[in-house]
Amino acid sequence: MVDKALGGAGLRGQSAGETALCTVGKSGTGLTYRGYDIAELADKVSFEEVAYLLLKGELPDAEQLDAYRSKLKNLRGLPQPLKTVLEQIPADAHPMDVMRTGCSMLGNLETEAGFQDQADIADRLLAAFPSIICYWYRYSHDGVRIVTETEDEQIGAHFLRLLHGKAPSELHAKVMDVSLILYAEHEFNASTFTARVCASTLSDMHSCITGAIGSLRGPLHGGANEAAMELIEGMQDEQDAIATLKQKLADKEKIMGFGHAIYRESDPRNAIIKGWSAKLAEEFGDDRLYRVSVACEQTMWEEKKLFCNADFFHASAYHFMGIPTKLFTPIFVCSRLTGWAAHVMEQRANNRIIRPSADYTGPEPRDVPALNERR
Ligand SMILES: CC(=O)SCCNC(=O)CCNC(=O)[C@H](O)C(C)(C)COP(=O)(O)OP(=O)(O)OC[C@H]1O[C@@H](n2cnc3c(N)ncnc32)[C@H](O)[C@@H]1OP(=O)(O)O
Ligand SMILES: O=C([O-])CC(=O)C(=O)O
1 MVDKALGGAG LRGQSAGETA LCTVGKSGTG LTYRGYDIAE LADKVSFEEV
51 AYLLLKGELP DAEQLDAYRS KLKNLRGLPQ PLKTVLEQIP ADAHPMDVMR
101 TGCSMLGNLE TEAGFQDQAD IADRLLAAFP SIICYWYRYS HDGVRIVTET
151 EDEQIGAHFL RLLHGKAPSE LHAKVMDVSL ILYAEHEFNA STFTARVCAS
201 TLSDMHSCIT GAIGSLRGPL HGGANEAAME LIEGMQDEQD AIATLKQKLA
251 DKEKIMGFGH AIYRESDPRN AIIKGWSAKL AEEFGDDRLY RVSVACEQTM
301 WEEKKLFCNA DFFHASAYHF MGIPTKLFTP IFVCSRLTGW AAHVMEQRAN
351 NRIIRPSADY TGPEPRDVPA LNERR
């Protein structure tokens, strides 16, 4: 029998294809990448190892990991025409639009000549995305042209160094690494499905990823981490959090960072990022945002049986690390690029154009009236 919540509109509960990349809501804590449980990956490996796992099929051995990290480090520079484009984008642009333009522009400069290039293009985007967003942000907000090549082994630490102009603390580097792991892959979510639909027409990698960025931008998907931050930053304390949420629920407002299309009781990524947010709050010295977040979590469960998804505690965690709210969803892009590209490759390897049918609800067949007969 179809779970009511998983039936109906939005293709909910319907299989739209096969994947060997990920399971959501099935085994272990409820999320696996190529068979490995998310909790174990977040505990034991780095984001570069997860990227390798998703893009190349297996976890790397020590030698492969070293070589992969060196390769990515060498791909962090941006071509001058791309920097010139980024310098034209105003400071008040939405950073997700910057990501979309950056990816698309790179597609003009480093076009995928054929599918034999796909793995290299994916690696290039993985290395270049933090450079694109931070180059634009630092130029448009601080007036500096940053050097995007750094010696950081890990992409999370590299991102924080580009953003803040100094090496991150060990704790911040660790949390960024875990965050990138948590966001890397999630089966047939809206943005990944966008990438696969585009791939199914045999389009190029940059087009698939550019489309996926557009889908992730919305507040019902990746944009929820920014919306969650906007919600909690106005809350003074736990009592305020409870009262605000009850009012919003009474007004039938959607609370961003809660609920999920597939999970029914919890999102396994939440407990992990929540734990790191608690540690960051302690270090930050002011735990208000953590406390109000916990009050929101309890209230939403008591009132609606709705739970925090991956985005909710990411808001406080990123804030504690000094990351501006508008860069939250671009970080998601820097991570999910791995899942998107892996899905594009998987789609290409066993492709049939994705073209579902629709249930027609329009008028019965009729004659075209002459112009002077139309009202
Ligand atoms: C990384 C990610 O992309 S995770 C998702 C991030 N998005 C958000 O956090 C946005 C807020 N959440 C939502 O809008 C939804 O929960 C979605 C988009 C994630 C899933 O949507 P759906 O699959 O349609 O949700 P679902 O079928 O479980 O909804 C059941 C009921 O709960 C309500 N509901 C679901 N989420 C919320 C919420 N966050 N706040 C208030 N009510 C909610 C729905 O309106 C629906 O009510 P109804 O039956 O009266 O219409
Ligand atoms: O799976 C979904 O629908 C949304 C989500 O959590 C993700 O993409 O990480």
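Heads up, the final residue of the sequence shown is numbered 375 in full-length UniProt numbering, and it's a clean run with no missing numbers.
The beta carbon of each residue, even a glycine, is placed where N, CA and C say it ideally should be.
Would you say residue i faces chain D, with C-beta separation under 8 angstroms as the test?
| i | result |
| --- | --- |
| E58 | The structure shown contains no chain D, having only a single protein chain. |
Given a cut-off of 8 angstroms on the beta-carbon distance, is the pair residue i and residue j in contact?
| i | j | result |
| --- | --- | --- |
| I293 | F313 | Note on residue identity: the sequence assigns Ser, not Ile, to residue 293. Result yes, Cβ atoms of S293 and F313 sit closer than 8 angstroms. |
| Y183 | A310 | yes |
| I255 | M300 | yes |
| V197 | I354 | yes |
| D267 | H260 | yes |
| I133 | P79 | no |
| C22 | E187 | yes |
| A281 | L54 | no |
| L65 | T338 | no |
| I209 | A195 | yes |
| M99 | I213 | yes |
| S27 | R76 | no |
| A42 | T29 | no |
| E226 | K73 | no |
Give a single yes or no on whether residue i has its beta carbon closer than 7 angstroms to a heavy atom of ligand 1.
| i | result |
| --- | --- |
| H343 | no |
| P95 | no |
| G255 | A quick correction: the sequence has Ile, not Gly, at residue 255. Under cutoff, so the answer is yes. |
| K304 | yes |
| A91 | no |
| R288 | no |
Tell me whether residue i counts as near ligand 2, meaning its Cβ is closer than 7 angstroms to at least one heavy atom of that ligand.
| i | result |
| --- | --- |
| H186 | yes |
| H260 | yes |
| H314 | no |
| V24 | yes |
| N189 | yes |
Considering residue i, what are the terminal residues of the beta strand (DSSP E) in which it resides?
| i | result |
| --- | --- |
| T338 | Premise fails: T338 lies in the alpha helix (DSSP H), 328-349, not in any beta strand (DSSP E). |
| L31 | 31-33 |
Give the secondary structure of residue i by DSSP, where H, G and I count as helix, E and B as strand, and everything else as coil.
| i | result |
| --- | --- |
| T19 | coil |
| M1 | Note that M1 has pLDDT 38, beneath the 50 cutoff, so the model's placement of it is unreliable and the number below is only indicative. The answer is coil: DSSP assigns M1 none of H, G, I, E or B. |
| Y263 | coil |
| D307 | Note that residue 307 corresponds to Phe in the displayed sequence, not to Asp. Correct three-state label for F307: coil. |
| Y318 | helix |
| F258 | strand |
| Y36 | strand |
| I323 | coil |
| V24 | strand |
| P81 | helix |
| R12 | coil |
| M300 | helix |
| F129 | helix |
| A167 | coil |
| M235 | coil |
| G218 | coil |
| S293 | helix |
With residue i as the anchor, note down where its alpha helix (DSSP H) starts and where it stops.
| i | result |
| --- | --- |
| T101 | 95-109 |
| E283 | 268-284 |
| N372 | First-last for N372: undefined, no H or E at that position. |
| V144 | Counting along the chain, V144 falls outside any alpha helix (DSSP H), and DSSP gives it neither H nor E. |
| Y360 | Run containing Y360: none; DSSP gives neither H nor E here. |
| K174 | 170-183 |
| L75 | Segment: none, L75 is in no alpha helix (DSSP H) and carries neither H nor E. |
| L55 | 47-56 |
| R196 | 190-200 |
Is the closest heavy atom of ligand 3 to the C-beta of residue i under 7 angstroms?
| i | result |
| --- | --- |
| A310 | This structure does not include ligand 3; its bound ligands are ligand 1 and ligand 2. |
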